[in-house]
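Residue numbers (UniProt numbering): 1 to 277. We put the beta carbon where it would ideally sit given N, CA and C, even for glycine. Here the structure is a predicted model, which means the values were calculated and not measured.
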């Protein structure tokens with residue numbers, strides 16, 4: 001885990017939850033500015049991602065990742081203190097599970113003050129996994145072969161598809177993403193990590209239901225060129241579940257990674273939201 005210390009005076013903490021298949025480095029374009037608003041900005045690489053452990057044969061789950069976030073929060077002494085969350089992709093499901101625990105009063109739950117979602121599969125019915133994700137899932141016979149054959153060029157090609165035409169990462173950032181993925185043979189964990197797609201269906205009632213029931217302020221910052229959570233069906237579904245005023249749609253060229261593709265637009269939308277209550 002990493003922690004960016006902000007300015008004293010605002011006791012609230014912010015937790016950043018990254019997506020698949022990358023790491024907390026995804027937040028690098030926004031974390032310095034966020035640290036000017038929050039006393040503590042906390043980032044972690046989920047188990048199986050980035051520079052975290054990648055135990056062989058492990059059965060990864062969203063529920064376990066939520067447990068880890070809670071344990072880290074306890075270690076950093078922020079359980080019971082007001083916490084804001086920004087989440088993206090895979091991380092939105094972790095945020096939904098944390099919110100469900102907060103609403104049920106589960107032991108060790110975070111005291112969540114707000115959640116901002118970015119492009120991610122909040123609703124399994126509007127989520128469209130990429131072809132490679134479908135092939136890599138651990139119930140696919142080709143999965144063991146594909147994980148071992150995966151290389152930088154396949155990885156880069158797959159990620160390019162979910163960035164906007166005019167907002168592609170630099171060569172250096174693509175390489176950094178790949179190096180983090182390959183750390184501790186992380187490419188071999190992809191099939192097991194992808195079980196989160198099934199978990200979203202299995203927990204659909206719990207995770208969608210809590211979005212309807214909670215009084216915690218929620219917001220969506222959305223890149224509309226996203227092929228994984230396509231426009232307009234994803235936004236329409238979000239508005240029908242949460243509220244008409246809970247969405248910021250960024251310019252049409254922004255795709256699946258708004259915080260990397262349009263960091264200033266992302267920050268402006270987030271501060272407008274978090275300063276509104």
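Here DSSP, grouped into helix, strand and coil, assigns residue 40 to strand.
Between the C-alpha atoms of residue 50 and residue 158 there is a straight-line separation of about 17 Å.
A straight-line Cα-Cα distance of about 14 Å links residue 211 and residue 234. Secondary structure at residue 249: strand, using DSSP grouped into helix, strand and coil. Shown here, residue 79 sits in coil according to DSSP, grouped into three states, outside any helix or strand. Judged by pairs of C-beta atoms under 8 Å, the region 23-38 does not touch the region 159-171, as fewer than three such pairs exist. In this structure, the straight-line span from the alpha carbon of residue 218 to that of residue 239 is close to 11 Å. In this chain, the beta strand (DSSP E) harbouring residue 17 covers 13-17.
For residue 218, the enclosing beta strand (DSSP E) starts and ends at 218-222. When DSSP states are grouped into helix, strand and coil, residue 163 belongs to the coil group. Taking residue 110 as the centre and dropping the five residues before and after it, the same chain places the C-beta of 70, 73, 79, 83, 98, 102 closer than 7 Å to its C-beta, in chain order. Here residue 264 is exposed, its C-beta having fewer than 16 other C-beta atoms within 10 Å. Here residue 258 is not near residue 267, since their CB atoms are 7 Å or more apart. Excluding the 5 residues flanking it on each side, residue 241 has same chain C-beta neighbours closer than 7 Å at 208, 211, 212, in chain order. The continuous beta strand (DSSP E) containing residue 113 extends over residues 111-118. At a Cβ-Cβ threshold of 7 Å, residue 193 and residue 48 count as neighbours. Per DSSP, the continuous alpha helix (DSSP H) segment holding residue 264 begins and ends at 263-274. Between the alpha carbons of residue 11 and residue 76 lies a gap of roughly 13 Å.
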